[in-house]
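Notes for the one structure printed next.
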């Protein structure tokens, strides 16, 4: 994924014809990475937090 972004940067800089396409691909990869690394775990914690609080503590 990072290598794809790095590989597309020269194409986005040099080619006027492919610039819109490469920018869409680059920002799509960045947003998908942010979504999978930040939002999904945060939602998981929010959704499972209530279940963990109701479990009895055994000593």
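In my numbering, the protein residues as written are 699 to 757.
All C-beta atoms, glycine included, are put in the ideal place defined by N, C-alpha and C.
Whether residue i touches residue j by CB criterion (8 Å)
i, j, result
"residue 699", "residue 720", "no"
"residue 728", "residue 706", "no"
Range covered by the alpha helix (DSSP H) that runs through residue i
i, result
"residue 712", "700-712"
"residue 722", "717-732"
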